[in-house]
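Asks: Under the numbering used here, think of the first position of the first sequence as 2, with each following residue one higher. Glycine included, each C-beta is placed from N, C-alpha and C at the ideal position. One structure, as structure tokens, below. Some questions next.
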Amino acid sequence: MIEWSQETITAFQKTLLNWYDQHKRDLPWRKDHDPYHVWVSEIMLQQTQVQTVIPYYLRFMKEFPTVQALADADEAHLMKAWEGLGYYSRARNLQKAARQIVTDYHGQWPTTVKGLQELSGVGPYTAGAIASIAFNQPVAAIDGNAFRVFSRLLEIDDDVAKPQTRKVFENVVDQIISKDRPGDFNQAIMDLGTSYMSAANYDSSHSPVKEFNQAYLDGIEDQFPVKTKKKRPVRHDFFALVLHADNQILFDKRPSTGILANFLMFPMFDQHDLIKDKSDSQEVLIHRVEEQMSTEDRLPVHLHQLPAKPVIHTFTHQQWHITLLRGSLPADSDLSYFPGKWIQIDHFNDIAFPKVQLKMWQAYQKAIAKK
DNA sequence: TATACGTGGCT
DNA sequence: TAGCCAAGTAT
């Protein structure tokens with residue numbers, strides 16, 4: 002049980018919702034409460050900032066205006082619409098869920114948290130957000146904003162990085178949430194959490210709910226939320242091959258699981274896997290790649306390291322250092338001999354690539370232009 | 001439960 | 001600048 006009295010709870014709701022009515026952000030997915038609009042925006046907003054999402058959301062609604070259109074979309078089209086947004090399993094789960102709705106539910110949306118969580122990619126937060134915003138259910142939607150805001154308001158010091166902490170906050174919000182306007186309540190908390198009560202540069206002294214903010218009143222806001230630190234990304238060193246033949250370049254399709262699943266990328270070799278002896282030089286490793294690519298003498302591949310800095314790309318858990326290798330083939334080589342897919346440069350714009358692949362292509366073109 | 005999963009912004 | 005943060009979920 003929280004310390005707030007029923008009077009305090011009512012006063013908080015009123016203050017928060019009045020502020021929201023006057024100052025809520027005008028966002029494209031707030032024009033109505035259509036569950037499709039709410040759902041797509043919530044999936045895009047997972048771990049992604051509002052300003053990043055807006056243009057993606059607007060394009061997405063033009064391309065796929067309805068659940069049916071999304072269910073019918075071909076995967077390449079879908080991934081192109083998601084290109085650059087990251088966490089690409091979100092897009093695949095989105096379509097999986099669209100097909101669930103169309104096929105399994107005959108177009109009828111589940112309206113409860115439990116029902117919504119049956120949809121692929123919809124977890125406790127997103128289910129709460131859709132249920133409250135689209136279906137007016139008085140349920141919590143605990144995201145990073147809610148963790149931050151309520152941890153400060155009530156000086157809750159449970160570690161928000163731990164999964165079990167979610168239920169502590171759900172219990173709190175279940176008691177405080179407005180039963181009349183649950184969707185607006187949850188969205189108001191998010192607006193508060195990105196403005197007066199943001200992670201950095203918060204401005205609690207001007208916050209509409211400062212008198213309810215115990216951590217502020219006690220001068221200890223900087224202690225909330227309590228969150229254990231993340232681990233640093235692990236470094237991996239790769240070679241990436243740029244194998245040119247006429248106007249085509251060789252691509253590999255990545256495995257169907259793991260990071261950047263299913264994307265087409267330049268063939269990549271983990272340098273660590275190429276090492277046989279500690280004393281192996283970079284030249285020796287490159288030569289081993291040449292051997293792997295030229296298993297028959299009739300098609301020797303010659304590789305040259307490009308006069309370019311390695312491409313460095315950091316993910317949440319990995320940091321890639323990629324050395325680009327340009328490959329040359331004998332004239333009239335049989336391209337079908339190589340494992341992978343030859344793609345016309347002219348067609349690059351129609352294919353979805355992850356950011357690191359676009360970086361490699363840019364670095365390659367820059368290096369070639371210099372020569 | 002702890003970890004993997006992308007990208008961009010900010011200090 | 002290296003690290004943290006941003007409307008989390010799946011496994």
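To which residues of the same chain is E64 closer than 6 Å at the C-beta, ignoring the five residues directly before and after it?
Replies: Only A82 meet the Cβ criterion.
Asks: Determine the extent of the alpha helix (DSSP H) in which L325 is found, giving its start and end residues.
Replies: Here L325 belongs to no alpha helix (DSSP H); instead the beta strand (DSSP E) covers Q319 to S329.
Asks: If you follow the beta strand (DSSP E) that D238 is part of, which residue opens it and which one closes it?
Replies: That run of the beta strand (DSSP E) goes V235 to A246.
Asks: With W20 as the anchor, note down where its alpha helix (DSSP H) starts and where it stops.
Replies: Run containing W20: Q7 to H24, per the alpha helix (DSSP H) assignment.
Asks: Exposed or buried, R149, counting other C-beta atoms within 10 Å across all chains shown (16 or more means buried)?
Replies: Burial call: buried.
Asks: Can you grab the Cα-Cα spacing for the pair Y126 / F316, in whole Å?
Replies: Between Y126 and F316, the C-alpha separation is close to 24 Å.
Asks: Relative to the alpha-carbon of I346, which residue among H273, R255, L244 and V290 has its alpha-carbon at the smallest distance?
Replies: It is L244 whose Cα lies nearest to the Cα of I346.
Asks: Between E4 and R167, what straight-line distance do the alpha-carbon atoms span, to the nearest angstrom?
Replies: If I take the Cα positions, the gap works out to 19 Å.
Asks: Would the beta-carbon of P234 fall within 8 Å of that of Q306?
Replies: No, they are not a contact pair.
Asks: For G328, does the count of other Cβ atoms within 10 angstroms reach 16, so buried, or fall short, so exposed?
Replies: So G328 ends up on the buried side.
Asks: Around the C-beta of Q358, are 16 or more other C-beta atoms found within 10 angstroms, so that it is buried, or is it exposed?
Replies: By the 10 Å Cβ count, Q358 comes out buried.
Asks: How long is the line joining the alpha carbons of L275 and P268, rounded to whole angstroms?
Replies: Each residue's alpha carbon lies about 14 Å from the other.
Asks: What residue range is occupied by the uninterrupted alpha helix (DSSP H) comprising D175?
Replies: T166 to I177 is the extent of the alpha helix (DSSP H) around D175.
Asks: Look up K396 in the DSSP assignment and give the residues it is bridged to.
Replies: Nothing about residue 396 can be read from this structure; the chain reaches only from 2 to 372.
Asks: How far does the alpha helix (DSSP H) with T127 in it extend, from its first residue to its last?
Replies: Where T127 is concerned, the enclosing alpha helix (DSSP H) stretches over P125 to F136.
Asks: Using the Cβ count rule (16 or more neighbours within 10 Å means buried), how would you classify L218?
Replies: The residue is exposed, with fewer than 16 neighbouring Cβ atoms inside 10 Å.
Asks: Measure the CB-CB distance between L95 and Y57 and report whether it falls below 8 Å.
Replies: It is not a contact, given that the beta carbons lie outside the stated cut-off.
Asks: Exposed or buried, what is V184 when buried is set at 16 or more other beta-carbons lying within 10 Å of its beta-carbon?
Replies: According to the sequence displayed, residue 184 carries Gly and not Val. G184 should be labelled buried.
Asks: Spatial neighbours of A141 within its chain, please: C-beta separation below 6 Å, excluding the five flanking residues on both sides.
Replies: Excluding positions up to five away in sequence, the list reads G129, E171, V174 and D175.
Asks: Residue range of the alpha helix (DSSP H) that D1 falls in?
Replies: Residue 1 falls outside the range modelled here, since the chain spans only 2 to 372, and no answer is possible.
Asks: Look at the alpha carbon of H38 and the alpha carbon of N137, and state the distance between them as a whole number of angstroms.
Replies: Taking the straight line joining both Cα atoms gives about 15 Å.
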